[in-house]
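See below for the structure under consideration.
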Amino acid sequence: MIPFQYKRRSRKQWKDLPIEVQNVILKKVVRAVNQSSLPYLSEYACVCRLWQKFFESRIFCRLIIHSSRLYEMKYIVVGNRRKYVRHIALRFELSPLMPRSERDLPENTRNINDYKFTAAVFDFWAVISTWKIHDVKAREPLTLELIPDRPNCSVALYSSYLRDGSFREYQLRADSYRHGAMLSQRPLGDLLDPANYRQLLRETKRSWRKEGDLSIRFQNIPPDQRRLPPVEVVTYFLIRREYDFNFNPTSLSIIFQSLVRLEGINFERGIHLNPVDERYWSLLVLEPKSLSSSLSRSLKNFTFFAEASDVFQTQSAMPLESNELLANEFVNISRGLQHLSLAFLVDAEDFISYAREGIQHKRYHWKHLRSLSLTMKCFVRPDPSWPLPVSRLNGSLVAAGEMAKEMPRLNMMEIWNGDKGQAGIFRYISTSESTTISWQGTKHLQLSTQAIKTWSEVARRNTQHELSLQMLLIPPGWIKGTASVLHYLKIGVMHKVSAWQTQWKQEIKL
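Residue numbers (this note's numbering): 3 to 512.
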């Protein structure tokens with residue numbers, strides 16, 4: 003008799019599961035960690051090598067690095083981990099901006115912040131310049147973002163956004179502020195004594211005027227090291243509007259020169275309260291060794307947004323004065339780009355005027371440009387009851403059409419502006435199915451026969467469709483501020499987080 007033998011079951015291992023099942027399980031773990039107080043993803047990366055590869059691709063994808071911890075970054079983000087990196091936000095500590103009194107603000111505070119900024123930039127470049135193209139995924143973009151580390155900066159909230167792309171943490175923070183605003187139903191000026199409120203505004207404005215621009219200082223750097231080493235891996239550069247500090251254009255040009263494979267720039271800034279400081283900032287952009295000479299030939303996208311203070315300035319009135327030289331500078335820059343967006347930096351009339359002059363002399367042709375977005379001051383009237391300057395606007399739109407004829411690959415052009423109770427946008431859209439020009443605004447604009455004729459010629463010359471025309475009116479009551487303008491006109495000129503914060507500030511009437 004042959005004894006019965008039990009067949010021993012083999013233990014199933016993780017690697018025996020189908021790849022699809024593995025991914026489902028791991029993604030559920032990531033989702034659970036992001037939505038609860040479970041341990042950090044780094045602990046799950048220690049389970050086994052298969053888990054390590056999956057979780058490290060999430061851990062190192064988007065990094066926020068403080069300048070004091072660059073030494074750790076140098077020895078931790080190595081090997082295959084560099085291939086996972088898609089976004090690096092460099093935090094650097096700065097001295098407080100708002101003093102308790104005038105004597106609490108030392109004269110050298112600005113210099114101290116400059117040296118901190120300089121040290122952070124040079125230390126970070128010493129690390130990132132050692133990364134080579136073969137260390138990362140060359141075909142995917144790698145973004146470098148600068149974050150001035152200040153007490154009012156919501157770095158923890160931004161970290162949550164980078165982790166899962168949601169505004170859940172921002173919304174939780176906003177709900178508490180919104181609840182307080184609903185209880186009071188009054189703006190800040192009504193909650194304070196009028197005399198104290200005016201004094202608060204004066205002190206705030208005085209402090210901001212003394213801030214200046216963050217600059218790279220070479221005084222403490224040896225002469226042979228006063229140039230940033232070239233960086234091959236960074237392809238996109240970002241500064242968000244959340245921070246009160248402005249960056250010196252000459253210092254930014256030093257940074258841009260070192261990013262030899264730079265393809266995109268998204269630069270958001272606050273407009274100086276002091277017109278003299280703002281004029282000086284614009285002049286620095288025009289310096290011989292500044293913006294245009296520092297941009298890499300690989301640059302394809304340039305997005306700029308200048309935000310005014312709702313308390314002290316009027317957004318739609320920016321820029322305060324016409325700067326024809328600056329407009330001419332960006333006309334030259336645009337000839338090598340695919341996408342250009344300039345919001346409240348130069349007036350569209352100046353940009354179009356210089357472009358038209360170059361076309362007449364047969365010097366300008368935009369063979370790469372696919373989208374162009376500009377702001378025009380005359381779209382918004384000093385008094386909301388005033389009508390639009392129809393003749394002036396039609397003249398500008400005719401000139402814009404002549405410019406568009408020299409842009410054979412143009413898919414979109416936007417000319418817009420808006421303020422409380424007023425908004426308007428002229429938009430040209432070309433797709434595989436249609437070509438359209440449209441006017442959308444709080445006031446009616448009667449396009450002239452010449453303007454329609456010119457844009458019809460653009461459609462016949464650069465597209466396969468006949469031109470169609472659309473007109474849409476927006477109730478003035480819908481436009482509460484800059485956030486409403488961007489929302490109802492469907493303009494994507496700001497970073498998603500910046501646009502969300504602008505909407506939130508408008509809601510609670512900050």
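We treat Cβ as the ideally placed atom computed from N, Cα and C, and that holds for glycine.
> Exposed or buried, what is residue 495 when buried is set at 16 or more other beta-carbons lying within 10 Å of its beta-carbon?
Replying inline: Looking up residue 495 in the sequence shown gives position 493. With 16 or more other Cβ atoms within 10 Å, it is buried.
> Since residue 327 contacts residue 374 with CB under 8 angstroms, what's their CB separation in whole angstroms?
Replying inline: In the sequence shown, residue 327 corresponds to position 325, counting from 1. In the sequence shown, residue 374 corresponds to position 372, counting from 1. Beta-carbon to beta-carbon, residue 327 and residue 374 are separated by about 20 angstroms, too far to satisfy the 8 angstroms threshold.
> Can you list the alpha helix (DSSP H) stretches of 4 or more residues lying completely in the stretch 459-509, in chain order?
Replying inline: Runs of the alpha helix (DSSP H) inside the stretch 459-509: 484-490 and 498-509.
>> Which complete alpha helix (DSSP H) runs does the stretch 315-390 hold, if anything under 4 residues is left out?
In response: Scanning the stretch 315-390 from its first residue to its last, the whole alpha helix (DSSP H) runs of 4-plus residues come out as 326-336 and 350-362.
> Helix, strand or coil for residue 92 per DSSP?
Replying inline: In the sequence shown, counting from the first residue as 1, residue 92 sits at position 90. Reduced to three states, the DSSP call for residue 92 is strand.
>> Could you tell me the alpha carbon to alpha carbon distance between residue 220 and residue 120, rounded to whole angstroms?
In response: Locating residue 220 in the sequence shown gives position 218, counting from the first residue. Locating residue 120 in the sequence shown gives position 118, counting from the first residue. Looking at the two C-alpha atoms, the distance is approximately 8 angstroms.
>> Between which residues of its own chain and residue 411 is the CB-CB distance below 6 angstroms, once the five residues before and five after are set aside?
In response: Translated into the one-based positions of the sequence shown, residue 411 becomes position 409. Answer for residue 411: 372, listed in chain order.
>> Only counting the same chain, and skipping five residues up and downstream in sequence, which positions put a Cβ closer than 7 angstroms to that of residue 141?
In response: Position 139 of the sequence shown, counting from 1, holds the residue named residue 141. Hits under 7 angstroms: none found.
> In this structure, does DSSP put residue 128 in helix, strand or coil?
Replying inline: If you number the sequence shown from 1, residue 128 lands on position 126. Residue state for residue 128 is assigned as helix, using DSSP reduced to three classes.
> Under the rule that 16 or more other beta-carbon atoms within 10 Å means buried, what is residue 420, buried or exposed?
Replying inline: Translated into the one-based positions of the sequence shown, residue 420 becomes position 418. With 16 or more other Cβ atoms within 10 Å, it is buried.
> Would the stretch 355-366 and the stretch 388-395 be scored as touching if the rule is three or more Cβ pairs under 8 angstroms?
Replying inline: A contact between stretches requires three or more CB pairs, one per stretch, nearer than 8 angstroms, and the stretch 355-366 fails this requirement with the stretch 388-395.
>> Please state the DSSP three-state secondary structure of residue 20.
In response: Here the question's residue 20 lines up with position 18 in the sequence shown. Taken through DSSP and simplified to helix, strand or coil, residue 20 comes out as coil.
>> Measuring only the C-alpha atoms, how far is residue 57 from residue 82?
In response: On the sequence shown, residue 57 is found 55 positions in, with the first residue counted as 1. On the sequence shown, residue 82 is found 80 positions in, with the first residue counted as 1. Put simply, the backbone Cα of residue 57 is about 13 angstroms away from that of residue 82.
>> On the DSSP letters alone, give me the boundaries of the alpha helix (DSSP H) that residue 53 sits inside.
In response: Position 51 of the sequence shown, counting from 1, holds the residue named residue 53. The continuous alpha helix (DSSP H) containing residue 53 extends over residues 51-61.
>> Applying the 10 Å Cβ sphere with the 16-neighbour rule, what's the burial state of residue 444?
In response: In the sequence shown, the residue the question calls residue 444 occupies position 442. It counts as buried.
> Looking only at DSSP bridge pairs, what is residue 274 linked to?
Replying inline: Within the sequence shown, the letter at position 272 stands for residue 274. BP columns for residue 274 are empty, so no partner.
>> I'd like to know if the stretch 165-173 and the stretch 282-302 are in contact, where contact means that at least 3 CB-CB pairs between them fall below 8 angstroms.
In response: Verdict: no, contact absent.
>> Going by DSSP in three states, residue 218 sits in which element: helix, strand or coil?
In response: What you label residue 218 is simply residue 216 of the sequence shown in a count that begins at 1. DSSP places residue 218 outside both helix and strand once states are collapsed to three, so it counts as coil.
> Which class does residue 150 belong to by DSSP, given the choice of helix, strand or coil?
Replying inline: Position 148 of the sequence shown, counting from 1, holds the residue named residue 150. In this structure, residue 150 counts as strand in the three-state DSSP scheme.
> Residues bridged to residue 428 by DSSP?
Replying inline: Within the sequence shown, the letter at position 426 stands for residue 428. Among the bridge pairs identified by DSSP, residue 428 is matched with 417 and 441.
>> Going by beta-carbon coordinates alone, are residue 113 and residue 96 separated by less than 8 angstroms?
In response: For the purposes of this step, residue 113 is taken as residue 111 along the sequence shown, with counting starting at 1. For the purposes of this step, residue 96 is taken as residue 94 along the sequence shown, with counting starting at 1. Not in contact: residue 113 and residue 96 (Cβ atoms no closer than 8 angstroms).
>> Here's a check: name, in chain order, each residue in its chain whose Cβ is nearer than 7 angstroms to the Cβ of residue 450, leaving out the five neighbours to either side.
In response: As a first step, residue 450 must be located in the sequence shown, where it is residue number 448. So the qualifying residues of the chain are 396.
>> Looking at the strands, I want to know which residues DSSP matches up with residue 308.
In response: For the purposes of this step, residue 308 is taken as residue 306 along the sequence shown, with counting starting at 1. According to DSSP, residue 308 bridges with 271.
>> Assuming the contact rule is C-beta atoms closer than 8 angstroms, residue 137 and residue 235 should be a hit. Round their C-beta distance to whole Å, please.
In response: Stepping through the sequence shown from its first residue, residue 137 is reached at position 135. Stepping through the sequence shown from its first residue, residue 235 is reached at position 233. Going by Cβ atoms, the distance from residue 137 to residue 235 rounds to 7 angstroms, so yes, they are a contact pair.
>> Considering only DSSP beta bridges, list what residue 576 is partnered with.
In response: Residue 576 is absent from the structure shown; the chain starts at 3 and stops at 512.
> residue 303 and residue 362 look like a contact to me (Cβ under 8 angstroms); what is the Cβ gap, rounded to whole Å?
Replying inline: The count along the sequence shown starts at 1 and reaches residue 303 at position 301. The count along the sequence shown starts at 1 and reaches residue 362 at position 360. In fact, because the Cβ distance is near 28 angstroms, the residues do not count as touching under 8 angstroms.
>> Between residue 307 and residue 270, how many whole angstroms is the CB-CB distance? I'm expecting something under 8 angstroms.
In response: Indexing the sequence shown from 1 puts residue 307 at position 305. Indexing the sequence shown from 1 puts residue 270 at position 268. So it is a contact: roughly 5 angstroms between Cβ atoms.
> What are the residues that DSSP puts in a beta bridge with residue 64?
Replying inline: By one-based count along the sequence shown, residue 64 stands at place 62. DSSP output for residue 64 lists 89 as bridge partner(s).
> Exposed or buried, residue 21, counting other C-beta atoms within 10 Å across all chains shown (16 or more means buried)?
Replying inline: Within the sequence shown, residue 21 is the residue found at index 19, counting from 1. Label assigned to residue 21: exposed.
>> Helix, strand or coil, according to DSSP, for residue 249 in the structure here?
In response: Start at 1 with the first residue of the sequence shown, and residue 249 comes out as number 247. In the structure shown, residue 249 falls within a strand segment according to DSSP collapsed to helix, strand and coil.
> Who are residue 233's beta bridge partners in DSSP?
Replying inline: Mapped onto the sequence shown, residue 233 falls at position 231. Looking at the DSSP assignment, residue 233 forms a beta bridge with 261.
> So what's residue 303 in DSSP terms, helix, strand or just coil?
Replying inline: By 1-based counting over the sequence shown, the position of residue 303 is 301. In the structure shown, residue 303 sits in a strand (DSSP, three-state: E or B).
> Would the beta-carbon of residue 366 fall within 8 angstroms of that of residue 435?
Replying inline: Translated into positions along the sequence shown, residue 366 becomes position 364. Translated into positions along the sequence shown, residue 435 becomes position 433. Contact flag unset, no.
>> If I follow the unbroken alpha helix (DSSP H) through residue 75, where does it start and stop?
In response: One-based indexing of the sequence shown puts residue 75 at position 73. Note, residue 75: alpha helix (DSSP H), 72-78.
> Can you tell me the Cα-Cα spacing of residue 492 and residue 160, whole angstroms?
Replying inline: Position 490 of the sequence shown, counting from 1, holds the residue named residue 492. Position 158 of the sequence shown, counting from 1, holds the residue named residue 160. Cα to Cα, residue 492 sits roughly 24 angstroms from residue 160.
> Could you give the distance in angstroms between the alpha-carbon of residue 370 and the alpha-carbon of residue 320?
Replying inline: Start at 1 with the first residue of the sequence shown, and residue 370 comes out as number 368. Start at 1 with the first residue of the sequence shown, and residue 320 comes out as number 318. Their backbone Cα atoms lie some 28 angstroms apart in a straight line.
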